[in-house]
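Notes follow the structure.
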Amino acid sequence: TYLTKAAIVVKKDSSLTLYLGRRVVSRNPKFVNFINRTKKAKNLKIYGASSSRYRIGSTQEFYGTVYTPNAYLYLQTTGGNDLYGAFTARRIRQFGNGDIHYDYALSGGAGIASSTDTSYAIKRWQEWINKPSISPKPVPPKPVPVKPVPVKPLLAQPVR
């Protein structure tokens, strides 16, 4: 499915459960834009059944749960907006400068995970903040030319 300038909006006092079968790509913006006006992660549930790639995010703060255990998940927000909820995927990459926050309201069974499900845990976590630029070789500092300063000779004065 290809979407162009589309947004999926969850209105206040409503919820959405979405089941994705194949790859979902958006051309402009480069992610499917989800706007959850309830500001509750439990009200937007996204399930991905394939081992493909999903690009989702929001032009506002993202509130939702995403469960795509076999897929690559690309999360994106714009303007420094954060992501709130729970995210499960084979691999997750985040774009934008927002932060990810786990919504503790989901741990009581209101979201995808239940309080009794302890079968899965984070296997590996990598985070890059302000990734440094890497140069092939260290560059030595350039020498600063030093100009000689004229010095006046000191003359001894007779003591009287």
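According to the working numbering, numbering within the sequence shown proceeds without interruption in unit steps and concludes at 168.
Glycine residues also receive a C-beta, built at the ideal position from the N, C-alpha and C atoms.
Item                                                                                                                       : Value
As assigned by DSSP and simplified to three states, the class of Ala97                                                     : strand
8 Å contact criterion, which Thr73 and Gly93 should meet: CB distance rounded                                              : 5 Å
Outcome for Ser66 when other beta-carbon atoms lying within 10 angstroms are tallied against a minimum of 16               : buried
Close beta carbons around Pro77, own chain, < 7 Å, minus the five adjacent residues each side                              : Thr96, Ala97, Arg98
Terminal residues of the beta strand (DSSP E) in which Lys48 lies                                                          : Note, Lys48: premise wrong, no beta strand (DSSP E); not H, not E.
Neighbourhood of Tyr82 by C-beta, 6 Å cutoff - its chain only, sequence neighbours within 5 removed                        : Arg63, Arg101
Beta-carbon spacing of Ser59, Arg30 below 8 Å                                                                              : no
Strand pairing of Leu81, partner residues [DSSP]                                                                           : Tyr62, Ile100
Whole-Å CB distance - Leu28 paired with Ile54, under 8 Å assumed                                                           : 7 Å
Collapsed DSSP secondary structure at Gly119 in the structure displayed                                                    : With a pLDDT of 47 at Gly119, under the threshold of 50, the modelled position of that residue is not reliable, and the figure given next carries that caveat. In this structure, Gly119 counts as coil in the three-state DSSP scheme.
Through-space distance from Asp111 to Gly88, alpha-carbon basis                                                            : 18 Å
Cut-off 8 Å between Cβ atoms - residues of its own chain near Asp107, not counting five sequence neighbours on either side : Asp90, Leu91
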